[in-house]
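Data first, discussion second: the structure below is written as structure tokens.
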Amino acid sequence: MGDNNGLPLFVTKSAKGRILFQLYAILIFVGVCLIFLYRLSHIPKREEAGRWAWIGLFLSELWFSFYWFLTTFVRLNPIYRYTFKDRLSLRYEKFLPSIDIFVCTADPTIEPPAMVINTVLSVMAYDYPPEKLSVYLSDDGGSVLTFYAMLEASRFSKIWLPFCKKFKVEPRSPEAYFRTAVEPLEEPAMAKEWTSVKKLYEDMKKQIETTTKLGLISEEIYQEHKGFKEWTWLASKRDHQTILQILIDGRDPNAVDIKGQPLPTLVYLAREKRPQYHHNFKAGAMNALLRVSSKISNSPIILNVDCDMYSNNSESVRDAICFFMDEEEGHKVGFIQFPQTFENLTKNDVYSSSLNVINEAELPGLDGNGGPCYIGSGCFHRREILCGQKYSKECEVDWKRLNNREVEESISVLEETCKVLASCTYEENTQWGKEMGLKYGCPVEDIVTGLAIQCRGWRSIYFNPERKAFLGVAPTTLLQSLVQHKRWSEGDFQIFASRYSPFVMGYKKIPLKLQLSYCYFLLWAANCLATLYYVVVPSLCLLRGISLFPEISNSWVLSFAFVIFVHRAYSLGEFVFFGGTLQGWWNDQRIWLYKRMTSYLFGFLDNILRLLGFSKSAFVITAKVADDDVSQRYKQEIMEFGASSPMFTILATLALLTAFCFIGGMMRVIADVENSVWERFTLQILLCGMLIFINLPIYQGLFLRKDNGSMPTSVTYQSIMFAILACALSLY
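Under our numbering, the sequence shown has 273 at position 291, and the numbering climbs by one with no breaks.
See below:
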């Protein structure tokens, strides 16, 4: 025991094989320098056609090189963390800190109550003393259907929690567990209990889904709990009083499961909404939960998860506590960020939603450069850092004194006194949303909040356990994915162009290497201009007979070929190393291009309009459910178009423009084959050919598919017209 007391609760290790990465970076750098030398030494003369196209291409390549530098800088020093939960148990089992868990939902039609309660039940069932857990659901939809589902979940938890503990269930979301687990027929006693619990869950789920589909609560159900009376005076989800109900009071000795063990506290909150007050989206919901929980449980550690991100690892909470309670480094740690991972990915990840490279290479790189960003879900915080506290050497905590709740008020008194904390007017003339709580005024409140915490001197930690801590729902249509990335890129660029920029807010507060690392994400939107230029201009110049690259027989072509081959070969190897497939990598390249041409473009333009006063920030919820035929096509990895959208019009127009230019360029080459014209245009032809290959799903959606997921007719006609017009204008 004496030896154990001196051992750390976590260790940090640097990534292996960095020499190979450094060699790769040097080779790419040399190749890029040669390309720049070629561009500068071969600029067309003033009277030559294509001079400005050449210069524009050079500027685009400058941007790509700068962004490659940021990407490489992020990946230079990745580090990985490993925890020792056995040491934590031996040393601190009786003194583990209490934890408040925040789950946020906003719309019962997009985020079904049955899905929400699976997340709630999964975090209630953590492998942690239940009397030290308090789970809060923020329902910004103010839905009686969600409240009803929570009431059912509170009852089912009395059976589910002891079942999980007895059979060491993983994952502890009932839906996920029963969908993947096999009935243990070899053990009759367990099989009987397993079947019984599964039936109880399916009955509950069916009742919730039926009630949700009807959209009505029966009179019989209304009589089951006093909380339903709150909806008598509810005008709409945008205009209602605070609704606060403590469904399970963890202090109550009668709040026990069927085995007589205590249950976690469970609280439902729908904060007050009034049309004349801005509710600040998820940031406002989180801040209301911060204030309400401070009166009910006031735990020193807070975990927040999105309602579709269920717990996939019941021990992840102990992993997080290892960092906070480590004797040497724990007092410096402000938050621990787990990666966002998804359960509904197809084999080849048709919409590139896995984030594998970000999770396995880039976030560890941020950790090595000073700490990961806060990404909004799956994050454990100290309560005081969310309330604005700065780090100092006096921040070391005696965890043994932070475990006893001293709240003595009854449930009814607590419910009434806490309602004012979630009112619309509570934050007026206060520092909430500025110096306290999550920051307001940005679509990605999580990034700027995490940056502010780091600027106050706190250290952040990235932890990616072997068994993923949380699993969520990835977009199942192309439009959902593009809209999600539009919101992310818009918010990130808004931070970069504001006083919250890491170079402004972080000046002399966080390391320069961390400031630069943030820019990898904050400049996503700015990639749109160079990408669009590289897609459009070389194609149009091919149509006009203007060469922008060296001839295939010219030695300068080797620098282009070398950079392209080495860069893409490394990308493919990295993608496969982190668990992807060859087809998955190609899908990743396709979505990478589509995001830059649409999501990032709209995110960039919205920021420009906002700076000019023509636009305001908005928050879009990504749908978590899909129609059966959409789901079927997703499983078959057939790209979903279906809806009319300006994003699809842009993608289809550019795809057709590339095809028309490719055909025109090939006709020119064939017509003048004797003069070896093809040598001048080989790289442009290859570039167009690659773009055509990438865009095959778009051509299929435009002309070959007849299902409901094909490209809408209006988009087809518009894109054909715009592509022909662009070709005509370039020729005259």
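The beta-carbon is built from N, C-alpha and C at its ideal position, and this holds for glycine as well. This structure is a prediction, so every number in the text was calculated from the model and none was measured.
Could you tell me how far apart the beta carbons of residue i and residue j are, in whole angstroms, since I believe they sit closer than 8 Å?
i, j, result
"residue 298", "residue 320", "7 Å"
"residue 460", "residue 584", "Contact flag wrong, Cβ pair sits at about 14 Å."
"residue 108", "residue 138", "Rounded, the Cβ-Cβ distance is 16 Å, inconsistent with contact."
"residue 621", "residue 562", "About 18 Å separates the two Cβ atoms, so there is no contact after all."
"residue 485", "residue 497", "6 Å"
"residue 697", "residue 644", "Not really, about 21 Å apart at Cβ, beyond 8 Å."
"residue 45", "residue 512", "4 Å"
"residue 528", "residue 31", "5 Å"
"residue 440", "residue 492", "The pair is not a contact, with the Cβ atoms about 10 Å apart (cut-off 8 Å)."
"residue 324", "residue 454", "5 Å"
"residue 144", "residue 243", "7 Å"
Going by alpha carbons, who is nearest to residue i out of the options?
i, options, result
"residue 61", "-1, 95, 94", "-1"
"residue 16", "47, -13, 4", "47"
"residue 357", "415, 442, 378", "442"
"residue 318", "355, 664, 289, 325", "355"
"residue 591", "514, 475, 371", "475"
"residue 420", "589, 210, 579, 435", "435"
"residue 21", "545, 323, 532", "532"
"residue 5", "552, 262, 255", "552"
"residue 339", "411, 566, 313, 200", "566"
"residue 690", "709, 610, 148", "610"
"residue 458", "267, 213, 331", "331"
"residue -7", "110, 444, 58, 428", "444"
"residue 469", "495, 428, 115, 111", "428"
"residue 362", "202, 316, 150", "316"
"residue 576", "542, 219, 594, 635", "635"
"residue 216", "254, 699, 81", "254"
"residue 550", "571, 534, 91", "571"
"residue 49", "556, 510, 670, 392", "510"
Would residue i and residue j qualify as a contact pair, given that the criterion is a beta-carbon distance under 9 Å?
i, j, result
"residue 488", "residue 437", "yes"
"residue 425", "residue 473", "yes"
"residue 369", "residue 274", "no"
"residue 272", "residue 364", "no"
"residue 499", "residue 55", "yes"
"residue 519", "residue 39", "yes"
"residue 613", "residue 464", "no"
"residue 616", "residue 452", "no"
"residue 269", "residue 414", "yes"
"residue 517", "residue 673", "yes"
"residue 190", "residue 134", "yes"
"residue 229", "residue 209", "yes"
"residue 663", "residue 646", "no"
"residue 480", "residue 507", "no"
"residue 350", "residue 59", "yes"
Rounded to the nearest angstrom, what separates residue i and residue j at their Cα positions?
i, j, result
"residue 226", "residue 122", "12 Å"
"residue 72", "residue 78", "11 Å"
"residue 76", "residue 482", "41 Å"
"residue 311", "residue 74", "16 Å"
"residue 278", "residue 374", "28 Å"
"residue 252", "residue 223", "8 Å"
"residue 638", "residue 702", "7 Å"
"residue 177", "residue 167", "10 Å"
"residue 14", "residue 633", "29 Å"
"residue 490", "residue 505", "21 Å"
"residue 308", "residue 353", "17 Å"
"residue 450", "residue 288", "15 Å"
"residue 710", "residue 524", "13 Å"
"residue 175", "residue 142", "11 Å"
"residue 193", "residue 96", "11 Å"
"residue 694", "residue 573", "20 Å"
"residue 515", "residue 537", "25 Å"
"residue -17", "residue 221", "Residue placement at residue -17 cannot be trusted, given a pLDDT of 44 that sits under 50; what the coordinates show is reported in the next sentence. About 58 Å."
"residue 3", "residue 43", "22 Å"
"residue 290", "residue 90", "12 Å"
"residue 687", "residue 642", "21 Å"
"residue 433", "residue 207", "42 Å"
Three-pair Cβ contact test at 8 Å for the segment 84 to 95 versus the segment 233 to 249: Pairwise C-beta distances place the segment 84 to 95 out of contact with the segment 233 to 249, as fewer than three of them are shorter than 8 Å.
Count Cβ pairs between the segment 59 to 72 and the segment 93 to 108 that sit closer than 8 Å; are there 3 or more? The segment 59 to 72, when compared against the segment 93 to 108, does not touch it at the 8 Å Cβ threshold.
Three or more beta-carbon pairs under 8 Å between the segment 158 to 165 and the segment 119 to 135, yes or no? The segment 158 to 165 vs the segment 119 to 135: no contact.
Do three or more CB pairs link the segment 274 to 292 to the segment 343 to 356 at distances below 8 Å? The segment 274 to 292 vs the segment 343 to 356: no contact.
So, does the segment 301 to 309 touch the segment 139 to 156, judging by three or more C-beta pairs under 8 Å? Output reads no: the segment 139 to 156 does not touch the segment 301 to 309.
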